[in-house]
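A.B. asks: Have a look at this one.
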Amino acid sequence: GVRSLPWLILTDTEHIVRTDGFGTNELNEKIKAMADAVR
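Sequence positions in the sequence shown follow the UniProt record's numbering and run 1 to 39.
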C-alpha cells in the first residue's frame, strides 16, 4: 500500500517557519543549518 512520508516543519524561536517538507533523515542537518545561520 501507500505509505505516508513524514513532513516536518522547523520554526525558529519566534515560531516563524524556516524550512518545511523534509524527512526525519534530514532533521539534524536542517537544525545545524539554522544554528549556523543565526551566528
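Where a beta carbon is used, it is the ideal one built from N, C-alpha and C, also for glycine.
What are the start and end residues of the beta strand (DSSP E) that includes Ile31?
C.D. replies: Where Ile31 is concerned, there is no enclosing beta strand (DSSP E), although the alpha helix (DSSP H) it sits in stretches over 27 to 38.
A.B. asks: Which one of Glu14, Thr19, Glu29 has the shortest CA to CA distance from Leu8?
C.D. replies: Thr19
A.B. asks: I'd like the span of the beta strand (DSSP E) that includes Gly21, first residue to last.
C.D. replies: In this chain, the beta strand (DSSP E) harbouring Gly21 covers 17 to 22.
A.B. asks: Following a CB-centred definition, is Ile9 positioned closer than 6 angstroms to any heavy atom of the ligand FMN?
C.D. replies: Ligands are entirely absent from the displayed structure, and the ligand FMN is therefore not among its contents.
A.B. asks: Quick one: residues in its chain with C-beta nearer than 6 angstroms to the C-beta of Leu10, no 5 flanking neighbours on either side, listed in chain order?
C.D. replies: Arg18, Thr19, Lys30
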